Structure formats: C-alpha cells, structure tokens
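In this note's numbering, the protein residues as written are 101 to 394.
One structure is given below, encoded as structure tokens.
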Amino acid sequence: MSHPSKNSLQSKPHGDDLTHAIAKSLYILPTDEQERKRLEVQHEVLRNAFGGRIVFAPIELHAGDNILDSGAGSATWLLDCYNANKDATFRGIDLKTDIFPELDDIQKQHIQLGTGNVLQLPNGWTSNFQLVNQRLLIAALSKENWNTAVEEIFRVLAPGGWVQLVEASHCVAGEATQRHFSMLQDLFVKRGLLLNCVEHIPNILKSAGFDKITTQRLEISLGGGDDEDEMKAKARESFIGVYKGMQTPVVRMGIRTEGEFIELVEDLEMEWESNAQSKVIFYAFTAQKPTVSV
Ligand SMILES: C[S@@+](CC[C@H](N)C(=O)[O-])C[C@H]1O[C@@H](n2cnc3c(N)ncnc32)[C@H](O)[C@@H]1O
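Take a look at the structure:
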C-alpha cells in the first residue's frame, strides 16, 4: 500500500476515473491526491462539528478491541481513532487503496488497511468488532446497497458492539444552492443512488436488527466572515470539493454541459461565502447490536 507520488497524479485530471475500475460500483467521486487532501480537511471540519469527538457511539474502547472503518477513504478517521486508542486493533477497508497512508512499523502492529467492499465484508469477520465506523458513503450506495451494507455491519459486530454512521443531508443557503440541489437529485436518481439516505437509515438499522438507535442532526456553518480557526472556509473548501468532484459523471450522463456545471458550482461557492446563514446539514447515527440475539 504505497502512497501515491505527487508526480504520478499531476497529469491525471481530477475526477476522470468515473468507472472506478470496480465492477458494479456506483461511486461517483474520484480517488486521487486532490481527494485525499479534501478528505483530510473534511475530517477536521466534521471533528470540529462534533466538538472534537470522533467516537460518538456510547462505547469506551479498551486494549484489544477490534474497530472497523468501512469505506475508509484516506483512513483519516481510523488514524485519528488509533492515535487515541493505541492498544486497540484497527481494520480499514475500501474499494480503492490508492489514497491509504503509508503505515510505520508500530502502526502496522495495530492497523491493517486493505481492499474490501462494504457490501461484502469477509466471512471470517462475523461477530468480530466492538465498533464499526462508516462515514460518507452517500455517493456510493443505492437503497438496496444501504440495506446490504448495514446488514454486513450488523454481522461483523460482536454482540453488544456499536455502529456509528455519518452522512450528509443537504445545504441551506439560497437560489444557487436550490438549483444545485435539483441537479444533484437528477444525478443521484440517474445513477441509482439514495440522496436522502439520512431519512432511511434509522429504519434500515432497525430492519437489520439494531437496538438503541440514535439520530443526531448537525448544522455546519459555511457562510460569512472569518472565524478563529477558519472552520467555515475549510467547510466551504471541502464541501465545494465534493461537488467539483462530480463534474465528470454529471457531464458524461448529459445532466449539464461542462460550462453549465462550472458556472453552477461557482455560483454555489459565491452564495455560500456571501450568505452568513449558509450551512450544510449532517446526520450522525449510532446503534447497538443486541447482546442476546432475538
Ligand atoms: C467520500 S469517501 C469517505 C471516506 C471516509 N469514510 C471519510 O469519511 O473520510 C467515500 C469512500 O467510500 C469508498 N467506497 C465507495 N463504495 C465502496 C464500497 N462498496 N466498498 C468499500 N468502499 C467504498 C470510496 O472509494 C471512498 O474512499
């Protein structure tokens, strides 16, 4: 799992890898150096929005506990969690391993990163994990996929183990944001993805057999002037980055021309910056696998 060299990525246009080289993957975002950097910033923004917490399931991690980051991306959440729990054991899987970090020898004793599919976790992982984190798979899963992914998480959790899911809902700002949302709806429907997954997740968790399901709504401010640690600018940068990353599928699927797409994203960015009330809504869910199967 080597870290990509900057040179090898410079000549590759961001977002050009639509097929993702994985059969049947619906995922619409790129996996490259630019995306790795965006995911780092996004992690900082989300951690800040959670008041500095990255484990919000009501669990205390102990030495020897097994933790899975399912769809880990650049494994930023996983590494952050490892740094606070160095005696636990971590697994991170993703369809693509290109942006996984290079681990040092000590980290390798506690962390394993590898190729994997959230829709088909290894058979040998049944009842293995105390905590599973799955964050921001919205641009990858259909309704049916969501059922499967949550059932797989349920299977690999030990009885009494916890899942935590974080997903984006929508942005609130003005007219450009509404125009952009309607384009997103078009894209997600045409691709078979579930844009309003946050509305379905509680029922999906329940159907899979989870208990103690909680839902938390988070508002992340995007607009207006400076804040001390530039969190609003970082939030704008990372979430505009998501939308810029959708250019290739939007244009290839005939939803907008390249020019229309670029103009819309520019309008969106200006609207977020100029409107002090602009925000993005996120949801965080936690749920427990019952201790005794019913
Ligand atoms: C938006 S990124 C989020 C990454 C990470 N969870 C985070 O919050 O920083 C979504 C990730 O899900 C991965 N992904 C998409 N479909 C997947 C699947 N079926 N199985 C495993 N990973 C998948 C993508 O390759 C990408 O790395």
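Note that the Cβ used here is the ideal one computed from N, Cα and C, for glycine as well.
As the structure is a computational prediction, the values presented were derived from the model and not from experiment.
Where R317 falls, given that 16 or more other Cβ within 10 Å makes a residue buried: exposed
Per-residue burial, H103 [other beta carbons within 10 Å of its own, 16 or more giving buried]: Because H103 sits at a pLDDT of 39, beneath the cut-off of 50, its placement in the model cannot be relied upon, and the following sentence gives the value as read from the coordinates. Per the 10 Å Cβ criterion, exposed.
beta-carbon N183 near ligand 1 non-hydrogen atom, thresh 7 Å: no
C-alpha distance - L236 paired with G224, whole-angstrom precision: 25 Å
Sub-8 Å separation of V380 and A268 beta-carbons: yes
Pick from K344, R352, E373 and M353 that is closest to E363, judged by C-alpha positions: K344
Closer than 7 Å: L213 CB and nearest ligand 1 heavy atom: no
Runs of beta strand (DSSP E) lying entirely within the region 230-305, each at least 3 residues, in chain order: 257-272
Residue environment, I122, which counts as buried when at least 16 other CB atoms sit within 10 Å: Confidence at I122 is low in this model, with a pLDDT of 46, below 50, so its placement is unreliable and no value can be given for it.
Same chain only: Cβ atoms within 6 Å of S378, ignoring 5 sequence neighbours per side: A273, L322, G323 and W372
Same chain, Cβ closer than 8 Å to D311, five either side skipped, listed in chain order: A387, Q388, K389 and P390
Near ligand 1: G173 beta-carbon under 7 Å from a heavy atom: yes
Residue of W262, N247, I340 and R255 minimising C-alpha distance to H300: N247
Where F395 falls: helix, strand or coil (DSSP): There is no way to answer for residue 395, as the model of the chain reaches only from 101 to 394.
Contact set for A376: own chain, Cβ-Cβ below 8 Å, skip 5 residues either direction: G323, G324 and G325
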